[in-house]
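K.L.:
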Amino acid sequence: MAQSAKSLIILCKISYNTLYFHKQGQQRIAMEYEIIGFIALGLISGIAAGFFGIGGGTIIVPAMFAFGLPIHHAIGISIIQMVFSSIFGSILNYKKNLLDLRDGIFIGLGGLIGASFSGLIHNLLSEVALGGLFLVLTFFSFYRFAFKIKPTISQTPPIQNRIQKNAILIGAGVFTGFFAISLGIGGGLLIAPILGYYLGYDSKKVVPLSLFFVIFSSVSGVASLYGSGIINHDIMRIGIYIGLSSIVGVSIGIYLIHKASAKIHRIALLWIYAFALIVTSVELLYKTHIL
């Protein structure tokens, strides 16, 4: 009897160890697939950023939202990714003499201040409210591009004095960092009209400045969301996977832009915006129990 009980205990231990290691193996495989998915998403968002000149958040936020993450976490991941892509892109712009560092420092300082309120905004706004604001800005981008609406560039800008110019740059950075970074988007949509009207800057000057601004604002946004408990170690890990792979994607996107026609470029970008609008809208309808 004692021998039978001993044999049963040994058999149970073997069965437990077999099940445990099988479960661990399944978890490891699932984790590997997750990592591959994050890397793929980073590549796609990076290609879009390099090919279309848009922030990776247009793809990352709806995709992570659709995968079941709360939009607060989806935006956090998007902001972490921006740190990598903005540094890489700004280095390329600087090497090509496209970046005015003197202007960049002032608009970056503004972004540093504005984005520091991201954690506060996320704690104040619900998931549906944040999703709604993201949807509005995405629709505005889609509308502007679909109907070829360009920001007004003043031929005789009202601001000429250097001190006033620096104040406009800081103010534009604060305003854009406060709103755009809190929604996980780069901010070129908001910066371009301000700098175009007040300083007479065209897109060739605004785009590199916007990307440089994102370095400061995204670092500030990550710190603010981390301090507010919205970004944790798991979200940071996902953001790093996506951010590192997005660097490779940006290089591919920049290469592809020289191979595609203007028509293909335009149609593809409209589909990107349509994807973001549809996915975000559907997820918001689920969240509000309309669907």
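Residue numbers (this note's numbering): 1 to 291. No residue lacks a Cβ here, since even glycine has one placed at the ideal position from N, Cα and C. Given the structure is predicted, the values throughout are model-derived calculations rather than measurements.
#1: Give the secondary structure of Phe38 by DSSP, where H, G and I count as helix, E and B as strand, and everything else as coil.
#2: Kindly indicate which three-state DSSP category Ser154 falls into: helix, strand or coil?
#3: Work out the CA separation of Ile35 and Ile170 for me, nearest whole Å.
#4: Mind reading off the beta-carbon distance from Ile294 to Ile59? Whole number of angstroms is fine, and I expect it under 8 Å.
#5: Can you give me the C-alpha to C-alpha distance between His233 and Phe38, rounded to a whole angstrom?
#6: Where does Phe21 sit, in a helix, a strand or coil, going by DSSP?
#7: Is the stretch 139-152 touching the stretch 244-254 in the sense that three or more CB pairs, one from each, lie closer than 8 Å?
#8: Please list the terminal residues of the continuous alpha helix (DSSP H) segment that includes Lys204.
#9: Starting from Phe88, follow the alpha helix (DSSP H) in both directions and report where the run begins and ends.
#10: Could you tell me which uninterrupted alpha helix (DSSP H) segments, each at least 4 residues in length, are contained entirely in the stretch 113-151, listed from first to last along the chain?
#11: Indicate the three-state DSSP secondary structure (helix, strand or coil) for Leu98 in the structure shown.
#12: CB-CB under 7 Å to Ala63, same chain, minus the five flanking residues each way: which ones, in chain order?
#13: Can we say the stretch 212-232 touches the stretch 94-108, given the rule of at least three CB pairs closer than 8 Å?
#14: In this structure, how does DSSP classify Phe175 when only helix, strand and coil are distinguished?
#15: For the putative contact between Ala228 and Gly119, defined by C-beta atoms under 8 Å, what is the C-beta separation to the nearest angstrom?
#16: May I have the straight-line CA-CA distance separating Gly56 from Gly243, to the nearest angstrom?
#17: Can you list, in chain order, the residues of its chain whose CB lies under 6 Å from that of Leu91, leaving out five sequence neighbours each side?
#18: Identify whether His265 lies in helix, strand or coil by the three-state DSSP scheme.
#19: Would you mind giving the Cβ-Cβ distance between Glu127 and Lys287, rounded to the nearest angstrom? I have them listed as a contact below 8 Å.
#20: Just curious, the alpha helix (DSSP H) that Ile247 is in, first and last residue?
#21: Just the Cα atoms here: how many angstroms apart are Gly187 and Ile290?
#22: How is Ala180 classed by DSSP in three states: helix, strand or coil?
#23: Let me know if Val61 comes out buried or exposed under the rule of 16 or more other beta-carbons within 10 Å of its beta-carbon.
#24: Which residue comes first and which comes last in the alpha helix (DSSP H) that contains Gly188?
#25: Rounded to a whole number of angstroms, what is the C-alpha to C-alpha distance between His265 and Ala274?
#26: Could you check which residue in Phe139, Gly114 and Ile79 has the C-alpha nearest to that of Leu269?
#27: Which residues mark the beginning and the end of the alpha helix (DSSP H) in which Ala66 is found?
#28: To the nearest whole angstrom, what separates the beta carbons of Thr156 and Gly196, a pair I think is in contact under 8 Å?
#29: According to DSSP, simplified to helix, strand and coil, what is Ile163?
#30: Suppose you measure from the CA of Ala276 to the CA of Leu137; what does that come to, to the nearest Å?
P.N.:
Straight from the coordinates:
#1: In the structure shown, Phe38 sits in a helix (DSSP, three-state: H, G or I).
#2: coil
#3: Cα-Cα distance, rounded: 38 Å.
#4: Since the displayed the chain opens at 1 and closes at 291, residue 294 lies outside it and no answer follows.
#5: 15 Å
#6: Since pLDDT at Phe21 reaches only 37, below the 50 mark, its modelled position is unreliable, and no value is offered.
#7: no
#8: Ser203 to Gly227
#9: Residues Ile71 to Lys95.
#10: 118-124 and 127-146
#11: coil
#12: Contacts found: Leu41.
#13: yes
#14: helix
#15: Per the sequence presented here, residue 228 reads as Ser, with Ala not at that position. The pair is a contact, with the Cβ atoms about 3 Å apart (cut-off 8 Å).
#16: 10 Å
#17: Looking at the sequence provided, one finds Ile at residue 91 rather than Leu. Around Ile91: no qualifying Cβ.
#18: helix
#19: 6 Å
#20: Secondary structure note for Ile247: its alpha helix (DSSP H) is the uninterrupted segment His233 to Ile257.
#21: 31 Å
#22: Coil, per DSSP.
#23: buried
#24: Gly188 to Leu199
#25: CA-CA distance, His265 to Ala274, rounds to 14 Å.
#26: Phe139
#27: Gly57 to Ala66
#28: Not really, about 13 Å apart at Cβ, beyond 8 Å.
#29: helix
#30: 11 Å
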